[in-house]
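The structure appears below as C-alpha coordinates.
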(Lines of atoms letter the chains of each structure in order from A and count residues from 1; the text may use other names and numbers.)
(Lines give C-alpha, C1' and ligand atoms only; values in the text may rest on other atoms or scores of the structure.)
Protein backbone atom coordinates (compact mmCIF):
# COMPACT_ATOMS: atom_id res chain seq x y z
CA UNK A 1 0.00 0.00 0.00
CA UNK A 2 1.22 3.47 -0.83
CA UNK A 3 0.81 6.50 1.46
CA UNK A 4 -2.47 7.57 -0.14
CA UNK A 5 -4.04 4.12 0.31
CA UNK A 6 -2.88 3.95 3.93
CA UNK A 7 -4.44 7.37 4.70
CA UNK A 8 -7.64 6.34 2.90
CA UNK A 9 -7.91 3.12 4.93
CA UNK A 10 -7.24 5.03 8.16
CA UNK A 11 -9.99 7.54 7.31
CA UNK A 12 -12.45 4.74 6.59
CA UNK A 13 -11.58 3.00 9.88
CA UNK A 14 -12.01 6.29 11.78
CA UNK A 15 -15.41 6.86 10.15
CA UNK A 16 -16.61 3.32 10.92
CA UNK A 17 -15.42 3.58 14.53
CA UNK A 18 -17.05 7.00 15.04
CA UNK A 19 -20.30 5.86 13.43
CA UNK A 20 -20.42 2.72 15.57
CA UNK A 21 -19.90 4.71 18.77
CA UNK A 22 -22.52 7.29 17.81
CA UNK A 23 -25.08 4.68 16.69
CA UNK A 24 -24.59 2.85 19.98
CA UNK A 25 -25.04 6.00 22.09
CA UNK A 26 -27.66 7.97 20.17
CA UNK A 27 -29.31 5.41 17.94
CA UNK A 28 -29.10 4.94 14.18
CA UNK A 29 -31.86 7.37 13.25
CA UNK A 30 -30.64 10.16 15.55
CA UNK A 31 -27.12 10.32 14.13
CA UNK A 32 -26.37 12.55 11.18
CA UNK A 33 -23.56 12.30 8.65
CA UNK A 34 -22.38 15.70 9.93
CA UNK A 35 -21.96 14.28 13.45
CA UNK A 36 -20.05 11.28 12.14
CA UNK A 37 -17.82 13.55 10.07
CA UNK A 38 -17.09 15.77 13.06
CA UNK A 39 -16.31 12.86 15.39
CA UNK A 40 -14.05 11.17 12.84
CA UNK A 41 -12.34 14.42 11.75
CA UNK A 42 -13.20 13.99 8.08
CA UNK A 43 -15.44 15.86 5.68
CA UNK A 44 -19.00 14.76 4.98
CA UNK A 45 -17.94 14.46 1.34
CA UNK A 46 -15.39 11.80 2.34
CA UNK A 47 -18.11 9.78 4.06
CA UNK A 48 -20.36 9.96 1.00
CA UNK A 49 -17.42 9.10 -1.29
CA UNK A 50 -16.46 6.06 0.78
CA UNK A 51 -19.91 4.73 1.70
CA UNK A 52 -22.54 6.48 -0.45
CA UNK A 53 -25.03 6.98 2.39
CA UNK A 54 -25.63 6.39 6.09
CA UNK A 55 -27.24 2.99 5.48
CA UNK A 56 -24.16 1.66 3.67
CA UNK A 57 -21.99 2.99 6.48
CA UNK A 58 -24.24 1.25 9.02
CA UNK A 59 -23.84 -2.01 7.08
CA UNK A 60 -20.07 -1.67 7.34
CA UNK A 61 -20.35 -0.94 11.07
CA UNK A 62 -22.44 -4.10 11.48
CA UNK A 63 -20.04 -6.20 9.38
CA UNK A 64 -17.03 -4.96 11.37
CA UNK A 65 -18.80 -5.60 14.68
CA UNK A 66 -19.64 -9.13 13.57
CA UNK A 67 -16.04 -9.79 12.51
CA UNK A 68 -14.54 -8.48 15.75
CA UNK A 69 -17.08 -10.42 17.82
CA UNK A 70 -16.39 -13.58 15.81
CA UNK A 71 -12.64 -13.23 16.45
CA UNK A 72 -13.35 -13.08 20.20
CA UNK A 73 -15.63 -16.11 19.97
CA UNK A 74 -13.06 -18.11 17.99
CA UNK A 75 -10.41 -17.44 20.64
CA UNK A 76 -12.73 -18.66 23.40
CA UNK A 77 -13.90 -21.77 21.54
CA UNK A 78 -10.30 -22.72 20.67
CA UNK A 79 -9.14 -22.46 24.32
CA UNK A 80 -8.67 -25.69 26.22
CA UNK A 81 -11.30 -24.94 28.87
CA UNK A 82 -14.55 -26.65 29.83
CA UNK A 83 -17.75 -26.25 27.86
CA UNK A 84 -19.38 -24.51 30.84
CA UNK A 85 -16.56 -21.94 31.06
CA UNK A 86 -16.82 -21.33 27.33
CA UNK A 87 -20.59 -20.77 27.60
CA UNK A 88 -20.09 -18.24 30.41
CA UNK A 89 -17.50 -16.35 28.38
CA UNK A 90 -19.60 -16.50 25.20
CA UNK A 91 -22.62 -15.15 27.07
CA UNK A 92 -20.56 -12.22 28.37
CA UNK A 93 -19.49 -11.41 24.81
CA UNK A 94 -23.06 -11.66 23.52
CA UNK A 95 -24.20 -9.19 26.21
CA UNK A 96 -21.44 -6.78 25.22
CA UNK A 97 -22.38 -7.17 21.57
CA UNK A 98 -26.08 -6.53 22.32
CA UNK A 99 -25.11 -3.32 24.11
CA UNK A 100 -23.15 -2.07 21.13
CA UNK A 101 -25.93 -2.58 18.58
CA UNK A 102 -28.67 0.01 18.50
CA UNK A 103 -32.19 -1.43 18.45
CA UNK A 104 -33.11 0.97 15.63
CA UNK A 105 -30.52 -0.69 13.42
CA UNK A 106 -32.75 -3.78 13.34
CA UNK A 107 -35.79 -1.64 12.61
CA UNK A 108 -34.18 0.17 9.69
CA UNK A 109 -34.69 -0.92 6.11
CA UNK A 110 -31.03 -1.62 5.45
CA UNK A 111 -31.11 -4.81 7.55
CA UNK A 112 -33.65 -6.19 5.04
CA UNK A 113 -31.38 -5.26 2.12
CA UNK A 114 -30.60 -8.30 -0.04
CA UNK A 115 -26.84 -7.64 0.12
CA UNK A 116 -27.01 -7.63 3.93
CA UNK A 117 -29.11 -10.81 3.96
CA UNK A 118 -26.67 -12.50 1.55
CA UNK A 119 -23.74 -11.45 3.74
CA UNK A 120 -25.46 -12.75 6.89
CA UNK A 121 -26.29 -16.09 5.24
CA UNK A 122 -22.75 -16.57 3.91
CA UNK A 123 -21.30 -15.54 7.28
CA UNK A 124 -23.50 -18.09 9.02
CA UNK A 125 -22.36 -20.90 6.72
CA UNK A 126 -18.66 -20.10 6.71
CA UNK A 127 -18.01 -18.77 10.22
CA UNK A 128 -20.87 -19.23 12.67
CA UNK A 129 -21.93 -22.82 11.94
CA UNK A 130 -18.41 -24.35 12.03
CA UNK A 131 -17.76 -22.60 15.35
CA UNK A 132 -21.09 -23.79 16.77
CA UNK A 133 -20.51 -27.35 15.58
CA UNK A 134 -17.23 -27.49 17.53
CA UNK A 135 -18.96 -26.11 20.61
CA UNK A 136 -21.90 -28.53 20.27
CA UNK A 137 -19.52 -31.47 19.95
CA UNK A 138 -17.65 -30.43 23.09
CA UNK A 139 -20.90 -29.87 25.01
CA UNK A 140 -22.15 -33.33 24.04
CA UNK A 141 -18.83 -34.98 24.89
CA UNK A 142 -18.75 -33.32 28.32
CA UNK A 143 -22.38 -34.21 29.04
CA UNK A 144 -23.80 -30.69 28.99
CA UNK A 145 -25.90 -31.29 25.88
CA UNK A 146 -28.25 -34.19 25.34
CA UNK A 147 -26.36 -36.41 22.91
CA UNK A 148 -29.65 -37.85 21.60
CA UNK A 149 -30.44 -34.45 20.02
CA UNK A 150 -28.85 -34.12 16.58
CA UNK A 151 -26.45 -31.32 15.72
CA UNK A 152 -28.85 -30.37 12.91
CA UNK A 153 -31.68 -29.89 15.43
CA UNK A 154 -29.48 -27.78 17.69
CA UNK A 155 -28.42 -25.62 14.74
CA UNK A 156 -32.08 -25.16 13.75
CA UNK A 157 -32.87 -24.13 17.32
CA UNK A 158 -30.03 -21.60 17.29
CA UNK A 159 -31.12 -20.35 13.87
CA UNK A 160 -34.67 -19.78 15.11
CA UNK A 161 -33.38 -17.71 18.04
CA UNK A 162 -31.17 -15.70 15.68
CA UNK A 163 -34.20 -15.02 13.47
CA UNK A 164 -36.05 -13.57 16.46
CA UNK A 165 -33.00 -11.52 17.45
CA UNK A 166 -33.08 -9.82 14.05
CA UNK A 167 -36.60 -8.54 14.62
CA UNK A 168 -37.91 -5.44 16.34
CA UNK A 169 -37.32 -6.36 20.01
CA UNK A 170 -35.86 -4.44 22.94
CA UNK A 171 -32.36 -4.90 24.36
CA UNK A 172 -33.91 -6.40 27.51
CA UNK A 173 -35.68 -9.04 25.41
CA UNK A 174 -32.41 -9.71 23.53
CA UNK A 175 -30.62 -10.27 26.84
CA UNK A 176 -33.45 -12.49 28.12
CA UNK A 177 -33.32 -14.59 24.95
CA UNK A 178 -29.56 -14.87 25.36
CA UNK A 179 -30.05 -16.18 28.90
CA UNK A 180 -32.65 -18.67 27.68
CA UNK A 181 -30.31 -19.81 24.93
CA UNK A 182 -27.26 -20.24 27.15
CA UNK A 183 -28.88 -21.49 30.33
CA UNK A 184 -32.37 -22.71 29.38
CA UNK A 185 -35.47 -22.26 31.50
CA UNK A 186 -33.70 -23.52 34.63
CA UNK A 187 -31.34 -20.54 34.65
CA UNK A 188 -27.59 -20.33 35.15
CA UNK A 189 -27.55 -21.41 38.81
CA UNK A 190 -29.80 -24.40 38.22
CA UNK A 191 -28.35 -25.65 34.91
CA UNK A 192 -27.97 -29.40 35.04
CA UNK A 193 -25.30 -31.49 33.49
CA UNK A 194 -26.77 -34.35 31.47
CA UNK A 195 -24.94 -37.62 32.02
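Residue numbers (UniProt numbering): 1 to 195.
All C-beta atoms, glycine included, are put in the ideal place defined by N, C-alpha and C.
Quick check on the burial criterion: 16 or more other C-beta atoms within 10 angstroms. Buried or exposed for residue 29? exposed
Excluding the 5 residues preceding and the 5 following residue 142 in the sequence, name in chain order all residues of the same chain whose CB lies nearer than 7 Å to its CB. 82 and 83
Run through DSSP, which three-state label would residue 116 get? helix
To which residues of the same chain is residue 61 closer than 6 Å at the C-beta, ignoring the five residues directly before and after it? 16, 19 and 20
With residue 138 as the anchor, note down where its alpha helix (DSSP H) starts and where it stops. 129-141
What is the residue span of the alpha helix (DSSP H) that residue 17 lies within? Here the alpha helix (DSSP H) through residue 17 covers 3-26.
Given a cut-off of 8 Å on the beta-carbon distance, is the pair residue 161 and residue 177 in contact? yes
Neighbourhood of residue 44 by C-beta, 7 Å cutoff - its chain only, sequence neighbours within 5 removed: 33, 34 and 37
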